[in-house]
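Asker: Got a structure for you, questions after.
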Amino acid sequence: MAWPIQIKFDILEECRTFTVFQRLPPEIRQRIWEAYLSAPGVHFLKLQTRDGDWSWTERRMHNFSNFEASEDVDEEGEMAKVLERDRLPRESHQARLIPVGPFPKADVSHYKTLRKQLAILSRTCIESRSVVKRLENRAETLKLDNGSIISLGRSSDLIYLDYFPLSLYQRNGNLETIPDCPDLSHIKRVAVRFSHTWRPTKNLCKCDSCRKSARLIHQGFYPAHLYQLLARHFPNLEEFFFIDYLIVHRSRSQQGSKGIAAKGPTIQTKRFMAGNRSYHEANEQDWIMDKKVSQITTWLRSLFVSYAVQSPLCHHAHPEKVRFSVLACEWSIPPPFEEPKTLVASYSKVKSSGKSFRGSVKRFRSLSSRHQLWLSEAEAVSNRLPTEACEWMTGPDDTRRDFTFSLLSTSPSPIQSSHRHAETTSV
Numbered sequence: 001m002a003w004p005i006q007i008k009f010d011i012l013e014e015c016r017t018f019t020v021f022q023r024l025p026p027e028i029r030q031r032i033w034e035a036y037l038s039a040p041g042v043h044f045l046k047l048q049t050r051d052g053d054w055s056w057t058e059r060r061m062h063n064f065s066n067f068e069a070s071e072d073v074d075e076e077g078e079m080a081k082v083l084e085r086d087r088l089p090r091e092s093h094q095a096r097l098i099p100v101g102p103f104p105k106a107d108v109s110h111y112k113t114l115r116k117q118l119a120i121l122s123r124t125c126i127e128s129r130s131v132v133k134r135l136e137n138r139a140e141t142l143k144l145d146n147g148s149i150i151s152l153g154r155s156s157d158l159i160y161l162d163y164f165p166l167s168l169y170q171r172n173g174n175l176e177t178i179p180d181c182p183d184l185s186h187i188k189r190v191a192v193r194f195s196h197t198w199r200p201t202k203n204l205c206k207c208d209s210c211r212k213s214a215r216l217i218h219q220g221f222y223p224a225h226l227y228q229l230l231a232r233h234f235p236n237l238e239e240f241f242f243i244d245y246l247i248v249h250r251s252r253s254q255q256g257s258k259g260i261a262a263k264g265p266t267i268q269t270k271r272f273m274a275g276n277r278s279y280h281e282a283n284e285q286d287w288i289m290d291k292k293v294s295q296i297t298t299w300l301r302s303l304f305v306s307y308a309v310q311s312p313l314c315h316h317a318h319p320e321k322v323r324f325s326v327l328a329c330e331w332s333i334p335p336p337f338e339e340p341k342t343l344v345a346s347y348s349k350v351k352s353s354g355k356s357f358r359g360s361v362k363r364f365r366s367l368s369s370r371h372q373l374w375l376s377e378a379e380a381v382s383n384r385l386p387t388e389a390c391e392w393m394t395g396p397d398d399t400r401r402d403f404t405f406s407l408l409s410t411s412p413s414p415i416q417s418s419h420r421h422a423e424t425t426s427v
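Here UniProt numbering is used: the sequence shown runs in plain steps of one and ends on residue 427.
Structure, rendered in structure tokens:
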């Protein structure tokens, strides 16, 4: 199935204003408004029972586990048993779709971006607001119980679904109960996480340890509950994806090991976006992936088509047209922030200046204490000296002048006091 190639480019600032938009035909204007919301994204949801308890599923899967009891069970024989039980009455449990993340800030689903875009269009003009209302009122629009929009009808969005706890999801039991969730019928593209506990059927080798085994074929460990869920509860399914987070692009792996900046996948392989993640359709030629991922994907498609055609619980009109593929995830994570060298140098200068300032403060305090000692000594000397007449000699005997002065109340430094005392004595 072909999909349109996404082309992204920068528009000059002077070319970002389209003044003749109002003169376009109304049909073209509405297509432009819809194109603003057409970017495909991934929405992370999980199937939750009303009471939040999966114990009934675990009990049922334990009683009807298909490959855990014996590895000699034939797939066709097991399929016949499943089809026979499908004709019997089954219990149904009400279920609903809820976000995977318990906290909104940790949720990277694309519907957060979609809701912001819908809010912008609702405030732009009357025509754009009418387009938003028309898209929201489509019968295929996927919403939560509280009315929050997840995906618009007829969009290319992908629903990532968690429908079992991890302990049950990694097992190979059958889906013996029916989760009653009408919203699943609106989903056209669904994805689940690939579990590496699953393994395909393989022929034993000719080594000594394998020759001792009575069996020549090692039975696989397949998620039987998955093809049953898809065939029963997704009547409008068009595409299915396994998401394997261990897949790496070959160019990124080879160039990254040599210390060269890796180019990574091209934009033509990008299918969906979710926050800082981009999901690309992977193949064995361009991506490093385990062979069992492709083998289990092929097995799943074969069992899905066969079961959907024969089971009375399935209502898919054309199961053979459903496309199965694998997605790889690429993260767009910016490098950690590094302070510029100028900031580091200025910080070191400030730090050194701070050290010198602290040293100056210490020296200032030391001088202040010595100055206080000088003042105390000068005050003691001034108390011992009475007010007296002093004669100052400025030249020969005929130019002698007599004058008197009193010591000031402010005590001079000890050096000045001792110097004046010596001059008074000499006079």
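For every residue, glycine included, the Cβ atom is placed at its ideal position computed from N, Cα and C.
Can you check the region 73-120 for any beta strand (DSSP E) of at least 3 residues that lies completely inside it and give the ranges in chain order?
Answerer: Qualifying beta strand (DSSP E) stretches, in chain order: 92-99.
Asker: Helix, strand or coil for V322, going by three-state DSSP, please let me know.
Answerer: coil
Asker: Between which two residues does the beta strand (DSSP E) carrying Y160 extend?
Answerer: L158 to D162
Asker: When you compare each of D51, L45, L83 and G41 to F304 by their alpha carbons, which one comes out closest?
Answerer: L83
Asker: Tell me the DSSP bridge mates of V42?
Answerer: By DSSP's assignment, V42 forms a beta bridge with L158.
Asker: Name the two residues that bound the continuous alpha helix (DSSP H) containing E281.
Answerer: Segment R277 to E281 is the beta strand (DSSP E) holding E281; no alpha helix (DSSP H) there.
Asker: Kindly confirm or deny that the region 189-198 and the region 98-111 touch, where touching means at least three C-beta pairs closer than 8 Å.
Answerer: no
Asker: In or out: E91 buried (at least 16 other Cβ within 10 Å) or exposed?
Answerer: exposed
Asker: So who's on the other strand from R252, going by DSSP bridges?
Answerer: Beta-bridge annotation (DSSP): R252 is not paired with any residue.
Asker: Identify the continuous beta strand (DSSP E) that holds K270 and give its terminal residues.
Answerer: Membership of K270 in the beta strand (DSSP E) is indicated by the continuous run K270 to A274.
Asker: What number of angstroms, rounded off, separates the C-alpha of L12 from the C-alpha of W33?
Answerer: 21 Å
Asker: Mark L166 as exposed unless 16 or more other C-beta atoms lie within 10 angstroms of its C-beta, in which case mark it buried.
Answerer: By the beta-carbon neighbour count (other beta carbons within 10 angstroms, threshold 16), L166 is exposed.
Asker: Would you list the residues sitting across from L327 in a DSSP beta bridge?
Answerer: I243 and E281
Asker: In whole angstroms, what is the alpha-carbon distance linking L161 and R96?
Answerer: 12 Å
Asker: Let's test the definition: count the other Cβ atoms within 10 Å of the Cβ of G147 and tell me whether it reaches 16, buried, or not, exposed.
Answerer: exposed
Asker: Would you say the region 229-248 touches the region 321-331, given that touching needs at least three Cβ pairs under 8 Å?
Answerer: yes
Asker: What first and last residue would you give for the alpha helix (DSSP H) that runs through A308?
Answerer: K291 to Q310
Asker: Let me confirm a value: F21 is counted as buried when at least 16 other C-beta atoms fall within 10 Å, else exposed. Which label applies?
Answerer: By the 16-neighbour rule on beta-carbons within 10 angstroms, F21 is exposed.
Asker: Which term fits P25, buried or exposed, when burial requires 16 or more other beta carbons within 10 angstroms of its beta carbon?
Answerer: Classification for P25: exposed.
Asker: If I measure Cβ to Cβ from W331 and keep anything under 7 Å in the same chain, skipping five residues before and after, which residues do I get?
Answerer: Hits under 7 Å: N276 and R277.
Asker: Against chain D, does S311 count as a neighbour if the rule is that its beta carbon must be under 8 Å from one of theirs?
Answerer: Checking the listed chains, one finds no chain D in this structure; it contains a single protein chain.
Asker: Which word fits residue 474, buried or exposed, when buried means at least 16 other C-beta atoms lie within 10 angstroms of its C-beta?
Answerer: Residue 474 lies beyond the residue range present for the chain, which begins at 1 and ends at 427; the question has no answer from this structure.
Asker: Looking at the structure shown, is D180 part of a helix, part of a strand, or coil, going by DSSP?
Answerer: Three-state DSSP puts D180 in a strand.
Asker: From E14 to R31, what distance separates their C-alpha atoms?
Answerer: 24 Å
Asker: How big is the Cα-Cα spacing for F234 and H315?
Answerer: 8 Å
Asker: Give me whichever residues DSSP pairs with W198 in a beta bridge.
Answerer: According to DSSP, which records beta bridges pairwise, W198 is partnered with nothing at all.
Asker: Hey, R87 and P312 are a contact pair by Cβ (cut 8 Å); roughly how many whole angstroms apart?
Answerer: Contact between R87 and P312 is confirmed by a C-beta separation of about 6 Å, below the 8 Å threshold.
Asker: Measuring CB to CB, does I150 end up less than 8 Å from H43?
Answerer: yes
Asker: Based on the DSSP output, what are the partners of T49 in its beta bridges?
Answerer: A95
Asker: So, are the CB atoms of S294 and E281 less than 8 Å apart?
Answerer: Going by C-beta atoms, S294 is not nearer than 8 Å to E281.
Asker: In its own chain, which residues sit with a C-beta less than 7 Å from the C-beta of L230, not counting the 5 before and 5 after it?
Answerer: The beta carbon of L230 is closer than 7 Å to those of L237, F240 and F304 in its chain, skipping five residues each way along the sequence.
Asker: Got a sec, what are the start and stop residues for the beta strand (DSSP E) V190 sits in?
Answerer: Here the beta strand (DSSP E) through V190 covers R189 to R193.
Asker: Please list the terminal residues of the continuous alpha helix (DSSP H) segment that includes I126.
Answerer: I126 to E136
Asker: Please work out which residues of its chain come closer than 8 Å, Cβ to Cβ, to Y307, disregarding the five sequence neighbours upstream and downstream, and give them in chain order.
Answerer: M79, V82, L83, Y227, Q228, A231 and C314
Asker: Measure the C-alpha to C-alpha separation of W198 and R129 and round it to an integer number of angstroms.
Answerer: Rounded to whole angstroms, W198 to R129 spans 48 Å at the Cα level.
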